[in-house]
Structures are given as structure tokens and as C-alpha cells.
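*Asks:* Let me begin by handing over the structure; questions about it come next.
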Amino acid sequence: LTTTEYTIFTLFSIFMLEATTAFQRLRTFNTLGNMASKPTPLMVYRDAKWHQLTTTDLVPGDLISLTRKVPEKKAGDAVVKKEKGAADSTDGKKKSPPPPPGSDVVPCDLLVLSGSAVVNEATLTGES
């Protein structure tokens with residue numbers, strides 16, 4: 001091989017190595033980004049009013065309301081869900097609007113002021 005061919009081959013090899021490394025890092029960053037928790041809708045008490053916000057909008061000092069959705073009764077194969085503590089439609093009162101969609105899992109640091117909670121700390125302690 002001539003010096004020119006050797007130089008071109010070396011530059012091409014270095015370029016391919018760097019391109020492969022860059023694509024692997026990009027793929028890793030995308031994978032890590034997809035593993036992040038998605039924003040969860042919450043009812044937040046701020047400025048003396050209740051607002052529907054997401055977990056990404058929370059700031060220190062916010063009060064949030066968490067309600068557990070429990071099965072009420074079965075209608076065929078479908079389970080009708082009801083917010084715990086919500087008024088029944090048979091008592092003559094207008095039924096409150098349904099809670100915002102979401103789950104009982106809230107990916108944020110909280111202090112329980114009233115009520116009780118079961119917390120899975122396996123991800124914090126490293127348990128499997």
C-alpha cells in the first residue's frame with residue numbers, strides 16, 4: 001500500500017469508529033429517556049384553589065390529593081370503578097365529576113399529612 005492509501009484507510013477507520021460510538025451513545029440516551037417516569041395528573045392545592053396539574057408541575061410546598069380507586073360492583077364482566085368516598089347517585093345529590101385519569105402510582109417525593117399509604121421502596125433500596 002502506498003502512503004496515501006494507508007492514510008485514507010486510517011482516516012476512514014477512525015471516522016467509522018467515531019460514528020459507531022456516537023450512534024451507540026445516541027441510542028443509549030434515547031433508551032434512558034424512554035425509561036423516565038411519565039407525567040401523572042394530580043389534584044394540587046395551590047393559591048387557595050385546587051388545580052389539575054401533572055407531577056412535572058409540582059413545586060415544594062404543594063399539597064396534593066391522592067384517592068384510591070376501588071371496585072364498586074360488577075356489571076357483567078366489566079368492573080365499575082368508583083372513587084373512594086364519592087357520593088352515590090341514589091342519594092339525590094349531583095355526583096361530583098370523575099377524578100382525573102391516572103393511577104395510584106405517583107413518581108415524586110411526598111410527605112403524607114393525613115391518611116395512610118403503602119409505599120414500594122424497592123427501587124430506592126435496590127431490592128428485587
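The letter at position 124 of the sequence shown is residue 124 when you use UniProt numbering, and the numbering goes up by one with no holes. Heads up, the beta-carbon is just placed ideally off N, CA and C, and yes, glycines get one too.
Is it buried or exposed, residue 161, if we count other Cβ atoms within 10 angstroms and call 16 or more buried?
*Replies:* This structure leaves residue 161 out entirely; the chain is present only between 1 and 128.
*Asks:* Could you give the distance in angstroms between the alpha-carbon of T10 and the alpha-carbon of N30?
*Replies:* The residue you call residue 10 lines up with position 10 of the sequence shown. The residue you call residue 30 lines up with position 30 of the sequence shown. Cα to Cα, T10 sits roughly 30 Å from N30.
*Asks:* Which of helix, strand or coil does DSSP assign to T7?
*Replies:* Counting from one through the sequence shown, the residue named residue 7 turns up at place 7. In this structure, T7 counts as helix in the three-state DSSP scheme.
*Asks:* Do the segment 8 to 22 and the segment 40 to 56 touch if we need at least three Cβ pairs shorter than 8 Å?
*Replies:* As far as the Cβ criterion goes, the segment 8 to 22 does not touch the segment 40 to 56, which means the pair count is below three.
*Asks:* Verify whether the separation of the beta carbon atoms of T40 and V112 is less than 7 Å.
*Replies:* Taking the sequence shown and counting its residues from 1, the one referred to as residue 40 is at position 40. Taking the sequence shown and counting its residues from 1, the one referred to as residue 112 is at position 112. Contact: no.
*Asks:* Going by the DSSP bridge assignment, what does Q24 pair with across the sheet?
*Replies:* Walking along the sequence shown from the start, residue 24 turns up at place 24. According to DSSP, which records beta bridges pairwise, Q24 is partnered with nothing at all.
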